[in-house]
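Quick notes on the structure that follows.
Chains as they are written, first to last, in the working numbering: chain A, 205 to 487; chain B, 1472 to 1901.
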């Protein structure tokens, strides 16, 4: 009885899903879904030719690069993008001394409350403060940016597939839409206030190319500030902001794996020894 | 119940004798997972996953309780509190990655445990109750994992919660009020987040209780084994300790190596990048997907795209739940007297060339965007899924001619059954 009911129920579900398949296949053949510009022109992100020091199984932070990346964030990105998960005290991890961290924090203006009047005011930052947002609130951010709120950058490299490579590719990937795109997908040609970039999900984004010319930043360490260099440096910096524990994590991982391998070999030997007293087939 | 030759617990010291009279907990453990539990001597490594699932549950409870000390279940600060754990709590990143990947590890282990059960028909008499309780554990674990994924309050947390709770809206008449009642509002918000946190904390302890029932039920007939032949004599079994404690210890080591490789080297590989974007009810992600372990059932849900009498969405919801509920009926759908797939030629073919690829395809399609050809592929796989369990399995078990079974476990292991008696062997070897 239960098997009969089971077979009936099974056949009903099968019938309905096969019906859906037939209808779907018919629709797919008669009106195939039009190819989208995203399918045809989106490019997968790639890192710089020399790679990132934080990649691979032996990652290291390139502190000089992180400091340069921080400089790019401060002088370029921070005009529109917040970094709200990061505090000035965290900059010590980039190799700055305590005094330098204090001085760096003081070079930022953070919102405060006037202790005498209770009114909103500002003051220089201290190491315990978090990076301030460039806008008072989301409404102000949207109003200043053609209704597109610039996203917070703290976690950007974890919030996109292949994040560090994505940031690098996006920053160096701005280009004029190709003639082929304009011909096949006229709707995907960027309108006013939009910029074409094949690494962006829907090909057109509201952010104007932020890094446009060599020497846009004058690096404190004298490195030549090419567009490519600035893009790498800020991508590396944002990898650190998204996951400050990355290098420690992998280093610790190797110790854990070494220990586990040792223990597992011991467990294997123990198992062999325990089972060796049992007779097994000898043929 | 246990076999008559099971070793008896004998307290030796004054304290253990005193303890055995007042609260025989050592005796209980001895009989549950010690030398007092005789287990078939031929269990393969596929029998490791029950212990590993128990380990995962403990791992999740321990890491989860610590996370709960630092997490704030409020829609305004939940996302930031998770980042606080990642950045400012000592070893917080390790604990959170251990918990997030622990959920994935738990499901890997559960799926292997369940598929072991499928292949060796572990659901058959006299072990139906173990199987039924096991399916309950799986359902409870799915509910717990789903609510846990909502807690970081990222984009996928929010939209996953919205899609899954939206399924209740497909139920006729009561659907919409039910959905509002479950969420405490018209969309996931603070009320939903708070109750999900509360339930996410509660359910693992419910699971732990049901796991005790699962193990209790297991100890009545004893463990199944790869031949599917029941234990006949003492030489068919070995004491759980030290034989299977040693074997499970090695299995645990291998499991931890794989698990820690994920935790330390690719902790976000199984997650979705969108969950590092704070929840935003005004911005819908391009592809809303649940966690990977729900993919097969998500694929089944989305395979129903045609309104046949009932709306397609309702068909999808019914099919998704039916896909798991059908497991409850396996003990009665499959009436072959032979348990092990090793001795069932036809069943074995349908398992390896039907069910396993079907699940693999459903896994793949569940994570793919809802567009062709993925929808059509998942429709074929869904059709096979229901045919396999509800139509093929009953028919196979009627028409199949099983291969000859060994007389006993001892014969399967040693070639004949008069050579060896375990106790004697162990003595001479010692």
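Backbone N, C-alpha and C fix where the C-beta goes; we use that ideal spot for every residue, glycine too.
In terms of Cβ geometry, residue 437(A) and residue 276(A) form a close pair [threshold 8 Å].
The beta carbon of residue 288(A) sits closer than 7 Å to the beta carbons of 334, 335, 337, 356 and 358 from its chain, once the five residues preceding and following it are set aside; these are given in chain order. Annotated three-state conformation of residue 469(A) is helix, per DSSP.
If only complete runs of 4 or more residues are kept, the region 1744 to 1794 of chain B shows the alpha helix (DSSP H) at 1766 to 1774, in order along the chain. Burial check for residue 1885(B): the Cβ neighbour count within 10 Å reaches 16 or more, so the residue is buried. Taking the CA atoms as reference points, residue 1587(B) sits about 16 Å from residue 1685(B). Contact of residue 444(A) with chain B is not assigned, every C-beta pair being separated by 8 Å or more. Of all alpha-carbon atoms in 1804(B), 1526(B) and 1887(B), the one lying nearest the alpha-carbon of residue 1576(B) is that of 1526(B). Of all C-beta pairs linking the region 1594 to 1610 of chain B to the region 1664 to 1677 of chain B, fewer than three are shorter than 8 Å, placing the two stretches out of contact.
In this structure, DSSP gives residue 400(A) an extended state, which the three-state scheme calls strand.
Annotation for residue 1816(B): no beta strand (DSSP E) segment contains it, though the alpha helix (DSSP H) segment containing it runs 1816 to 1821. In the three-state reduction of the DSSP assignment, residue 1485(B) falls in the helix class. Bounds of the beta strand (DSSP E) holding residue 316(A) are 313 to 317. Against chain A, the beta carbon of residue 1718(B) has neighbours under 7 Å at 475, listed in chain order. Taking a beta-carbon distance threshold of 8 Å, residue 1507(B) does not count as an interface residue toward chain A. Interface annotation, residue 289(A): in contact with chain B, CB-CB separation under 8 Å. Your pair residue 256(A) and residue 440(A) checks out as a contact, with CB atoms roughly 6 Å apart and the cut at 8 Å. In the three-state reduction of the DSSP assignment, residue 343(A) falls in the helix class.
For the region 1560 to 1573 of chain B, the set of residues with a beta-carbon nearer than 7 Å to any beta-carbon of chain A comprises 1564, in chain order.
Neighbours of residue 1786(B) across chain A, judged by C-beta separation under 9 Å: 217, 220, 221 and 224. Within 10 angstroms of the beta-carbon of residue 1786(B) lie 16 or more other beta-carbons, which makes it buried. The Cβ atoms of residue 373(A) and residue 236(A) do not sit closer than 8 Å to each other. The alpha helix (DSSP H) runs of length 4 or more contained entirely in the region 236 to 309 of chain A are, from start to end of the chain, 241 to 245 and 267 to 279.
Taking the Cβ atoms as the reference, residue 1721(B) lies roughly 4 Å from residue 471(A), within the contact range of under 8 Å. Distances from the alpha-carbon of residue 1626(B) to those of 1660(B), 1655(B), 1640(B) and 1695(B) put 1660(B) closest.
Annotation: residue 299(A) to residue 1536(B) spans about 35 Å, alpha carbon to alpha carbon. Within chain A, the C-beta atoms nearer than 9 Å to that of residue 1512(B) come from 482, in chain order.
Beta bridge pairing from DSSP links residue 1710(B) with 1509(B).
For residue 471(A), the nearest CB of chain B lies under 8 Å from its own CB, placing it at the interface with that chain.
Under DSSP, residue 327(A) forms a beta bridge with 314(A). Counting C-beta pairs with one atom in each stretch, the region 1613 to 1628 of chain B and the region 1541 to 1552 of chain B have three or more that are closer than 8 Å, which means they touch. Residue ranges of uninterrupted alpha helix (DSSP H) with 4 or more members, entirely inside the region 1851 to 1889 of chain B and ordered along the chain, are 1864 to 1870 and 1880 to 1885. When the beta-carbon positions are compared, residue 1771(B) and residue 1698(B) stay at least 8 Å from each other. Legend: CB atoms of the region 228 to 239 of chain A lying less than 7 Å from CB atoms of chain B belong to residues 228, 229, 232 and 237.
Not one beta carbon of chain A lies nearer than 8 Å to the beta carbon of residue 1832(B). Residue nearest to residue 1566(B) within the set 1817(B), 1700(B) and 1731(B) is 1731(B) (criterion: CA-CA distance).
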